[in-house]
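Here the structure is laid out as structure tokens; the discussion comes afterwards.
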Amino acid sequence: MTVTRPMATTSRRTTRIKGTSRVPAMIFLYVLSFLVVVPFLWMISLAFTPNNEAFGSVSLIPANPTLENFGTAWTDANLARAMLNSTIVAVGVVACNSVFSVLAGYAFALMPFPGSFGIFLGIVATTAIPVSVTLIPLFLMARGIPLAGGNDILGQGGSGLLDTLVGVMLPYLVLPMNIFLARQYFSTASPALAEAARIDGAGEWRIFRSIYLPLAKPLIAVVAIFSFVGVWDDFLWPLVVTNTESSQTVQLALARFLASGNIQYGPLMAGAVIATIPVVVLFLFNQRAFVAGLADGSVKG
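Be aware that the sequence shown starts at 0, since it is given in numbering that gives the first Met the number 0, and climbs by one per residue.
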């Protein structure tokens with residue numbers, strides 16, 4: 000009894016010290032969260048504020064809320080067509096990255112071949128190349144695709160994949176960063192599982208599909224979210240490769256409100272709110288797997 004009481008007092012004192020030491024960190028996180036959330040709240044506020052009152056006050060609650068900005072954004076920017084185009088492009092990019100990037104990462108991690116590590120380093124090194132440097136080569140590649148857009152077998156005489164949704168997808172079909180994430184993820188998996196399956200007569204495809212693919216759901220969620228957000232928010236490449244309304248993406252549609260000297264902030268923010276909804280929905284549906292993938296990366300990597 001005489002020993003237990005001092006131990007209990009020390010335990011309470013240690014808990015109190017730990018709780019006190021967390022206060023600065025919690026304050027910092029609250030301030031950081033506030034700085035992150037305020038721009039989104041301001042965007043939503045301007046979306047419901049009449050255009051002529053956009054900067055009439057600093058209140059986040061509009062004095063005369065209206066839905067007119069959403070109607071203007073939907074019709075003037077032809078957001079229905081732009082959202083459909085962006086959705087088609089994003090789904091295609093997510094599908095390609097979820098298949099090819101994951102397969103490439105699996106091969107680099109668990110099926111090494113002579114020179115595979117050098118090839119992997121070369122792929123990762125391409126992420127350091129600025130986007131502006133690749134625009135002209137990518138444009139020439141999209142225009143010179145054989146048998147596309149009126150081109151002959153040599154890629155001459157037509158427009159290739161210019162002003163098409165496939166052309167918008169082209170630079171994002173297999174992203175080097177996703178290959179890197181997949182390789183790092185599978186490199187932490189036990190090769191003993193594959194060896195046991197090979198002893199039982201399983202082929203490489205069955206080993207991947209039956210053993211490693213079910214374990215890679217967090218990885219696929221991370222790849223899907225990163226790929227979707229990257230192509231959904233891109234403005235520069237769609238601006239270069241498209242020139243008609245039929246193939247414009249949502250970011251190009253929103254840029255219409257910036258083209259004239261009189262910027263329409265209300266419809267612009269309303270369109271931005273509409274364009275943000277698919278990204279938020281995707282994250283909410285994949286939140287658990289996404290967080291699990293990040294946690295696995297932080298522990299294993």
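All residues carry an ideal CB built from backbone N, CA and C; glycine is no exception. For clarity, every value in this text was computed on a predicted model and none was experimentally measured.
Item, Value
"Could you say if the region 241-254 and the region 70-84 meet the contact criterion of at least three C-beta pairs nearer than 8 Å?", "yes"
"Helix, strand or coil: which one does DSSP assign to Gln-302?", "For the chain, the structure presents residues 0 to 300; residue 302 sits outside this window and is missing."
"Would you decide whether Arg-142 is buried or exposed? Buried here means 16 or more other CB atoms lie within 10 Å of its CB.", "buried"
"Does Val-2 come out as helix, strand or coil in the three-state DSSP assignment?", "Low confidence applies here, because Val-2 scores a pLDDT of 48, under 50, leaving its location unreliable and the question unanswered by this model."
"Specify the secondary structure class of Pro-113 as computed by DSSP and reduced to three states.", "coil"
"Have a look at Gln-286 and Leu-160 and give me their C-alpha separation to the nearest angstrom.", "35 Å"
"Considering only C-alpha positions, which residue in the set Met-110, Leu-267, Val-230, Ala-220 is nearest to Arg-197?", "Met-110"
"Since Asn-50 and Tyr-264 should fall inside the 8 Å C-beta cutoff, what is the C-beta to C-beta distance between them, to a whole number of angstroms?", "7 Å"
"Expressed to the nearest angstrom, what Euclidean distance is found between the alpha-carbon atoms of Ala-103 and Tyr-29?", "40 Å"
"Just tell me which of Trp-73, Ala-181, Phe-227 has its CA closest to the CA of Ser-100.", "Ala-181"
"Between Ser-131, Phe-47, Thr-241, Gly-156, which has its C-alpha nearest Asp-162's C-alpha?", "Thr-241"
"I'd like to know whether the C-beta atoms of Ala-193 and Ile-210 end up nearer to each other than 8 Å.", "yes"
"Return the first residue and the last residue of the alpha helix (DSSP H) that Asp-75 is part of.", "67-75"
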